[in-house]
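If you use our numbering, the sequence shown corresponds to residues 108 to 344, in order.
Don't be surprised by glycine CBs; every beta carbon is placed ideally from N, CA and C.
Inspection log for the structure reproduced underneath, given as structure tokens.
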Amino acid sequence: MTPEVLPEIHSEKAARILAAARSLLLSRGVKGLTVAEVAQKAYVGKGTLYLFWETKEDLIIGLVAREILSTTGELIDHLDSDPALASPDRFCPTMVATARGRPLMAALADRDEAVLGLLATHPRAAALDAALGPGAILRGVLPVWRGAGIVGGDWDIEDQTVALNALAEGIMMTLTRPVVGSDADPLQVLGRAVAILLGVKNVDDKQLTATAAAIIDLLNDGRNTVLTSIAGQQAAE
């Protein structure tokens, strides 16, 4: 499925509504956001907004979905331009930095109710996180790395996944709340820790290029899931 299903591709009004809603959401949180204010900021009537999103909930979930698409699109661009980023000790810091650089992606990962309110734990938000959240991405790429012989496979993959996710989540928390008295770069620490945790092996450029392509395929599969959820919501409206 292509991004053509997104209404903002075809409608300037839909694009303005999304931009206005995102701005208000980040500055006030979902509790301080009203449909009337979004419409006013986007220079459209409330009725026009409801043509695209039936409820405020639909609009906010749609914003989160688009943030996920933007984050993974950026990751794909990084892998396309530098396949060596497919190595776990480089991919994990890149993924974490990219995700934390997107406020709504970070809010979803953190279950941040100050930004998302009750939607932080809503089943639709949870489904997006399960499709392409940081934890889901790491769960998906670990078998790719093991299959390519880039990481060790001498312990249970589920245990390995739990350990990797715990490490990444800890670093994400450190980026938000830095360790007092430490000058260490959390992303550099993450890269070194991943190399040790997974037993990352040196592989040739051909293997890295193939691994990058496999990760891109994985990300695109997740993006299709997210796009399908958006298309389904649009059809329901």
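Where the alpha helix (DSSP H) containing VAL203 begins and where it ends
By 1-based counting over the sequence shown, the position of residue 203 is 96. Residues 195–207.
Mapping the DSSP letters down to three states, classify ASN331 as helix, strand or coil.
Start at 1 with the first residue of the sequence shown, and residue 331 comes out as number 224. Reduced to three states, the DSSP call for ASN331 is helix.
Top-ranked residue by Cα proximity to LEU304, from SER130, ILE257, VAL222, LEU166
Looking up residue 304 in the sequence shown gives position 197. The alpha carbon of LEU304 has as its nearest neighbour, out of SER130, ILE257, VAL222, LEU166, the alpha carbon of ILE257.
Rounded separation between GLN295 and ALA243 - CA only:
Position 188 of the sequence shown holds residue 295. Position 136 of the sequence shown holds residue 243. Distance from the CA atom of GLN295 to the CA atom of ALA243, rounded to whole angstroms, is 22 Å.
Three-state class that DSSP yields for PRO285 in the structure shown:
For the purposes of this step, residue 285 is identified with residue 178 of the sequence shown, where counting begins at 1. PRO285 falls in the coil class under three-state DSSP.
I need the straight-line Cα distance from GLY247 to PRO293, nearest angstrom please.
Residue numbering aside, residue 247 sits at position 140 when the sequence shown is read from its first letter. Residue numbering aside, residue 293 sits at position 186 when the sequence shown is read from its first letter. About 23 Å.
The alpha helix (DSSP H) spanning GLU100 covers which residue range?
Residue 100 is absent from the structure shown; the chain starts at 108 and stops at 344.
Thinking just about the alpha-carbon of each residue, which of ILE175, ASP311, ASP312, VAL137 is nearest to the one in ASP328?
In the sequence shown, counting from the first residue as 1, residue 328 sits at position 221. Nearest C-alpha to ASP328: ILE175.
Quick check: the Cα distance between SER134 and PRO210, rounded to an integer number of angstroms?
Within the sequence shown, residue 134 is the residue found at index 27, counting from 1. Within the sequence shown, residue 210 is the residue found at index 103, counting from 1. C-alpha separation (whole angstroms): 11 Å.
Between the region 187–202 and the region 216–231, do at least 3 Cβ pairs fall closer than 8 Å?
The region 216–231 and the region 187–202 do not touch, with fewer than three beta-carbon pairs separated by less than 8 Å.
For ALA128 and GLY154, what's the separation of their Cα atoms in angstroms?
Position 21 of the sequence shown, counted from the first residue, corresponds to residue 128. Position 47 of the sequence shown, counted from the first residue, corresponds to residue 154. Taking the straight line joining both Cα atoms gives about 15 Å.
For LEU226, count neighbouring C-beta atoms within 10 Å of its own C-beta (all shown protein chains included) and say buried if the count is 16 or more, exposed if not.
Within the sequence shown, the letter at position 119 stands for residue 226. Buried is the call here.
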